[in-house]
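Here the protein sequences come in this chain order: Z and E.
Just so you know, the numbering used here puts 367 at position 123 of the first sequence, and the rest follows in order with no gaps.
Just so you know, the numbering used here puts 93 at position 43 of the second sequence, and the rest follows in order with no gaps.
Glycine included, C-beta positions come from ideal geometry on N, C-alpha and C.
As the structure is a prediction and not an experimental result, all values here were calculated from the model.
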Amino acid sequence: MSKSKKVPYLVDRPMSFCPGCGHGIAIRLVAECLEELGQADNIVFPIGVGCSSLLGGGIEADRLHCSHGRAGAVATAIKRCNPNNVVISYQGDGDAYSIGIGETTSAAYRNERFTTIIINNTNYGMTGGQMSNTTLPNQKTNTSVYGRDCSVTGNPIRFPELAADQFNVGYAARGSVHDVPNIRKTKSYIKKAIEMQLSGEGYSVVEVLSPCPTNWKMEPLEAMKHIAEHVTTYFPLGEFVEKEEK
Amino acid sequence: MADMMKGNVAIAEAAIRAGARLYAGYPITPSTEIMEYMSWRMAEVDGVFVQAESEIAGINMIIGGAACGVRAITASSGPGISLKQEGMTTLSDEELPAVVVNMVRYGNGIGTLYSAQCDYHRETRGGGNGDYRCIVLCPSSVQEATELMVLAFDLAEKYRMVSVFMSEGALGQMMEPCELPEMRELPRYPWGFDGKYTNKKVGIFDRNSRDEAVLLNEKYNAVKENEQRWESIDVEDADYVLVAYGLPGRASIGAAKELRAEGYKVGMIRVITAWPFPEKAFQEVNPNVKGFITIEANATGQLIDDVALTALRTIDKKVQCYCRPHVYGIPSVKAIKQDFIDVVNGNMKEVY
C-alpha cells in the first residue's frame with residue numbers, strides 16, 4: 245500500500261526551480277532529514293549565489309544569502325559562534341568549486357563542524373548555462389560552444405574525493421537524484437552528514453548530481469538518463485570517507 | 051597611572067573590553083599585532099578567533115558572526131581592506147554591525163609599509179558596490195584610539211552599520227601612556243540567528259529595494275545630524291584654518307598653537323569622524339576666514355575635497371582651499387608651519 249508523505253514544514257511555499265530541476269528534490273531531502281533528526285527548529289542555512297539561492301525563497305528558517313562563493317567562510321563563523329545549531333551551507337558547483345573553491349577547501353581543511361550540500365549540475369544554471377569546474381569533458385555550454393576542451397580548461401574537479409583524500413574530514417559522499425533508488429541513497433548520505441555534524445567529529449560534505457534540463461537543452465527524462473549514463477561515469481557515486489562517530 | 055602601551059595592542063584590548071567576541075582576519079603589516087593579540091586573548095573571554103585563509107574569507111566570517119548577534123571585528127591595512135570591500139557592502143546591505151580596522155599604509159596596489167592617509171576617499175565613500183556609507187573614526191593618539199574603539203562598537207550597534215576605524219600604521223606601532231576602557235559584559239545583539247527563525251529576516255526575494263533605499267537614506271541623514279565629531283581650536287577669529295586628522299591632525303594642532311603664539315590668526319579643525327564629515331565644525335569658523343589648508347599624508351590630497359565642499363556649504367563667500375599632501379609619514383610641526391607660510395606668501399596655489 246502506498247503511503248503519502250507530508251511536505252516537511254520547513255518548506256513553506258512552492259519553489260521556483262525550472263521543470264525537471266533536481267534542486268527541489270535535494271532541498272526536500274535536506275528538510276526531511278532535519279525533521280527526522282529533530283533539528284528542523286535548530287537550523288541555519290548560509291546559502292550560495294546562483295540557483296541554490298532559491299532555497300532562500302522556499303524555506304522557512306534562519307538563512308543568509310552569502311556573497312558568491314563565500315558560504316564556506318560565513319558557515320565557519322556561524323557554526324563557531326552557535327555551535328549548538330545545525331549549520332548547512334547549500335551551494336551549487338559554480339559557487340562552491342569555482343569562485344568559492346578557496347572558502348570551500350579551507351573549511352574542509354580546517355575540518356569545520358558544519359555540513360556542505362553542493363548541487364552539481366555541471367554548469368552555471370542561473371546565468372544561463374556556462375562552463376563550470378564540473379562541466380564534463382566535451383560538454384557543450386555557452387562558454388564552451390564546441391565542447392569543453394580539457395587540454396585548455398583543465399579537468400573537472402572531484403571535491404568529495406579531494407576532501408576525503410587530503411583532509412581529516414568527517415564525512416564525504418556523492419549522491420544523485422536521477423532516479424528513486426539514488427534519491428533514497430542520497431537521503432541517507434545527507435542524514436549521515438548531519439549526524440556527523442551533530443556528533444561534532446568533523447566537516448561533512450555531500451555532493452548531489454542534479455539534472456539541469458533547461459541548460460542541457462534536454463527533456464527532463466532525457467536529463468535523468470544523461471546523469472545515469474554519462475555524468476556518473478566521471479563523478480562516481482558513493483561514500484568516500486565515513487569517520488567513526490564517538 | 052596610565053601604562054605605556056603599543057597602539058595595536060591597545061586597540062585590540064579596547065575592542066575586547068568594548069564587547070568584541072569574534073575576530074577573523076589575515077595578517078598584514080602594520081596591523082598584524084592586533085590579530086596576534088586576539089589569537090590568544092579571544093579565548094580568555096570565551097570569544098571566537100579564526101585565522102582566515104584570506105581577507106575575503108575573514109570579512110565573510112565577520113558577516114557570519116554578526117548574523118548570530120556577536121560583536122565582530124577584523125583588522126587589516128590598505129590592500130587587505132580592498133579585499134574586504136565585498137563583505138563590507140554585504141554587511142551594509144544586511145544592516146549588520148561590525149568594526150573594520152584599517153591601519154593605513156601608503157601606496158597603490160600592494161603599496162609600501164609607510165604610515166599614510168591614502169585611503170580617505172575609499173573609506174569615506176564606501177569602496178564596495180552600491181549605495182552605502184560606513185561610520186569612519188580617526189584617532190590621533192593611542193588613548194583616543196581606545197576610546198574611539200568603544201564608540202565604534204556602540205555606533206555600529208545603534209545604527210546597524212559598519213564602523214571603520216581608520217588609523218595609520220605609525221599609530222599602531224608607537225607606544226604611549228594609555229588608560230584602557232572598563233571591561234563590559236554585554237549580551238549578544240537580540241536579533242541574531244538562533245536556529246529557530248525567531249527573528250524574521252526579510253527574504254532575499256521579498257525585498258523592496260526602493261522602500262529600503264528611502265529608509266537607508268533617512269538612517270544616514272540621522273547619522274550625519276547626530277554623530278559628527280571633531281576637535282577645534284581658535285577658529286572663531288581665524289584668518290586661516292588648518293584641517294587634518296589622525297597623526298597629522300595632532301601635529302597640526304601643535305603648529306596652529308605655535309603660529310598663534312607668533313601672532314598669526316590661525317585656527318585648527320581636527321576631524322574625528324571622517325564620515326559623517328564634521329560640517330558643524332565649519333559653522334563655528336570666522337565668516338571672514340581667508341583660507342582653509344589641509345595637511346595630509348597622501349599624494350593627491352583627498353580630505354581637501356570634503357573641506358572645499360563643506361566650506362561652500364557653510365560659509366557665505368568663496369574661501370580659498372589649499373592642500374599640502376606630504377605623501378606619507380607624519381609631517382612635523384615645523385613642516386606644517388612652513389606649509390602655512392607658503393600659503394601666506396603666495397607660494398602655494400589653491401586647489402579650490
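Beta-carbon spacing of residue i, residue j below 8 angstroms
| i | j | result |
| --- | --- | --- |
| residue 322(Z) | residue 331(Z) | yes |
| residue 279(E) | residue 329(E) | no |
| residue 400(E) | residue 372(E) | yes |
| residue 303(Z) | residue 254(Z) | yes |
| residue 120(E) | residue 71(E) | yes |
| residue 387(E) | residue 305(E) | yes |
| residue 455(Z) | residue 434(Z) | no |
| residue 306(Z) | residue 342(E) | no |
| residue 275(Z) | residue 252(Z) | yes |
| residue 117(E) | residue 108(E) | no |
| residue 418(Z) | residue 479(Z) | yes |
| residue 60(E) | residue 192(E) | yes |
| residue 165(E) | residue 155(E) | yes |
| residue 264(Z) | residue 467(Z) | yes |
| residue 348(Z) | residue 364(Z) | no |
| residue 62(E) | residue 91(E) | yes |
| residue 173(E) | residue 133(E) | no |
| residue 69(E) | residue 210(E) | no |
Inter-residue spacing [alpha-carbon to alpha-carbon] between residue i and residue j
| i | j | result |
| --- | --- | --- |
| residue 439(Z) | residue 236(E) | 33 angstroms |
| residue 75(E) | residue 124(E) | 6 angstroms |
| residue 168(E) | residue 392(Z) | 45 angstroms |
| residue 382(E) | residue 229(E) | 26 angstroms |
| residue 349(E) | residue 402(E) | 17 angstroms |
| residue 161(E) | residue 128(E) | 8 angstroms |
| residue 300(Z) | residue 256(E) | 10 angstroms |
| residue 500(Z) | residue 82(E) | The shown model of chain Z, from 245 to 490, leaves out residue 500(Z), and the question about it has no answer. |
| residue 206(E) | residue 148(E) | 6 angstroms |
| residue 386(Z) | residue 459(Z) | 9 angstroms |
| residue 215(E) | residue 462(Z) | 54 angstroms |
| residue 415(E) | residue 130(E) | The displayed coordinates of chain E run from 51 to 402. Any statement about residue 415(E) would go beyond what the structure contains. |
| residue 442(Z) | residue 264(E) | 43 angstroms |
| residue 319(Z) | residue 282(E) | 46 angstroms |
| residue 86(E) | residue 414(Z) | 30 angstroms |
| residue 113(E) | residue 391(E) | 49 angstroms |
| residue 384(E) | residue 222(E) | 24 angstroms |
| residue 447(Z) | residue 411(Z) | 10 angstroms |
| residue 369(Z) | residue 457(Z) | 10 angstroms |
| residue 99(E) | residue 337(Z) | 29 angstroms |
| residue 324(Z) | residue 311(Z) | 19 angstroms |
Where residue i falls, given that 16 or more other Cβ within 10 Å makes a residue buried
| i | result |
| --- | --- |
| residue 322(E) | buried |
| residue 260(Z) | exposed |
| residue 389(E) | buried |
| residue 122(E) | buried |
| residue 354(E) | buried |
| residue 367(E) | exposed |
| residue 399(Z) | exposed |
| residue 316(Z) | buried |
| residue 195(E) | buried |
| residue 327(Z) | exposed |
| residue 257(Z) | exposed |
| residue 261(E) | exposed |
| residue 54(E) | exposed |
| residue 94(E) | exposed |
| residue 352(E) | buried |
| residue 282(Z) | exposed |
| residue 326(E) | buried |
Residue i at chain B interface by Cβ criterion, 8 angstroms
| i | result |
| --- | --- |
| residue 310(Z) | Among the chains of the structure shown, chain B does not appear; the protein chains present are Z and E. |
Residue i Cβ short of 7 angstroms to the ligand SAH heavy atom set
| i | result |
| --- | --- |
| residue 121(E) | The ligand content of the structure shown is nil, which means the ligand SAH is not present either. |
Worksheet item: Residues in the segment 230 to 250 of chain E with C-beta within 9 angstroms of chain Z's C-beta atoms, listed in sequence order?
Response: Residues of the segment 230 to 250 of chain E whose Cβ lies closer than 9 angstroms to any Cβ of chain Z, in chain order: 238, 242, 243, 244, 245, 246, 247, 248, 249.
Worksheet item: What are the residues of the segment 276 to 294 of chain Z that lie near chain E, defined by any Cβ-Cβ distance shorter than 9 angstroms?
Response: Listed in sequence order: 283, 285, 286, 287, 288, 290, 291.
Worksheet item: Of all the residues that make up the segment 82 to 115 of chain E, which are near chain Z by a beta-carbon distance shorter than 8 angstroms?
Response: Of all residues in the segment 82 to 115 of chain E, those with a C-beta nearer than 8 angstroms to a C-beta of chain Z are 98, 100, 102, 103, 104, 106, 107, 108, 110, 111, 112, 113, 114, 115, reading in chain order.
Discussion item. Please identify, using Cβ separations under 8 angstroms, the residues of the segment 450 to 473 of chain Z that lie next to chain E, in order along the chain.
Written reply: Answer set for the segment 450 to 473 of chain Z: empty.
Discussion item. Under 9 angstroms, CB to CB, which of the residues in the segment 323 to 349 of chain Z have a partner in chain E?
Written reply: Answer set for the segment 323 to 349 of chain Z: 323, 324, 325, 326, 328, 329, 330, 331, 346, 347, 349.
Worksheet entry | Ordered list of alpha helix (DSSP H) runs contained in the segment 170 to 257 of chain E, each at least 4 residues | 170 to 175, 192 to 209, 219 to 223, all fully within the segment 170 to 257 of chain E.
Practice prompt. Pull out every residue of the segment 129 to 155 of chain E whose Cβ sits closer than 8 angstroms to any Cβ of chain Z, in chain order.
Written response: Under the 8 angstroms Cβ criterion, the segment 129 to 155 of chain E contributes 136, 137, 140, 144.
Worksheet item: Taking any Cβ of chain Z, which residues in the segment 63 to 76 of chain E have a Cβ under 7 angstroms from it, in chain order?
Response: Correct list: 72, 74.
Practice prompt. Mind listing, in chain order, the continuous alpha helix (DSSP H) runs of no fewer than 4 residues lying wholly within the segment 263 to 333 of chain Z?
Written response: Residue ranges of uninterrupted alpha helix (DSSP H) with 4 or more members, entirely inside the segment 263 to 333 of chain Z and ordered along the chain, are 267 to 280, 299 to 302, 315 to 325.
Discussion item. List, from N- to C-terminal side, the alpha helix (DSSP H) runs of 4 residues or more that fit wholly inside the segment 413 to 488 of chain Z.
Written reply: Correct list: 424 to 443, 457 to 460, 464 to 470.
Worksheet entry | In chain order, each alpha helix (DSSP H) run of at least 4 residues that lies wholly inside the segment 72 to 153 of chain E | Taking only runs of at least 4 residues, the alpha helix (DSSP H) segments lying wholly in the segment 72 to 153 of chain E are 82 to 94, 105 to 117, 128 to 144.
Discussion item. Please identify, using Cβ separations under 7 angstroms, the residues of the segment 160 to 186 of chain E that lie next to chain Z, in order along the chain.
Written reply: Correct list: empty, as no residue qualifies.
Worksheet item: In chain order, what residues of the segment 342 to 358 of chain E put their CB closer than 7 angstroms to some CB of chain Z?
Response: Answer in chain order: no residues at all.
Worksheet entry | Contiguous beta strand (DSSP E) assignments of at least 3 residues, all confined to the segment 363 to 395 of chain Z | If we require 3 residues or more, the segment 363 to 395 of chain Z turns out to have no beta strand (DSSP E) run fully inside it.
Item to complete: Starting from the N-terminal side, write out each stretch of the beta strand (DSSP E) that is 3 residues or longer and does not extend beyond the segment 304 to 359 of chain E.
Response: If one requires a minimum length of 3 residues, the beta strand (DSSP E) runs lying completely within the segment 304 to 359 of chain E are 316 to 321, 323 to 325, 341 to 346, in chain order.
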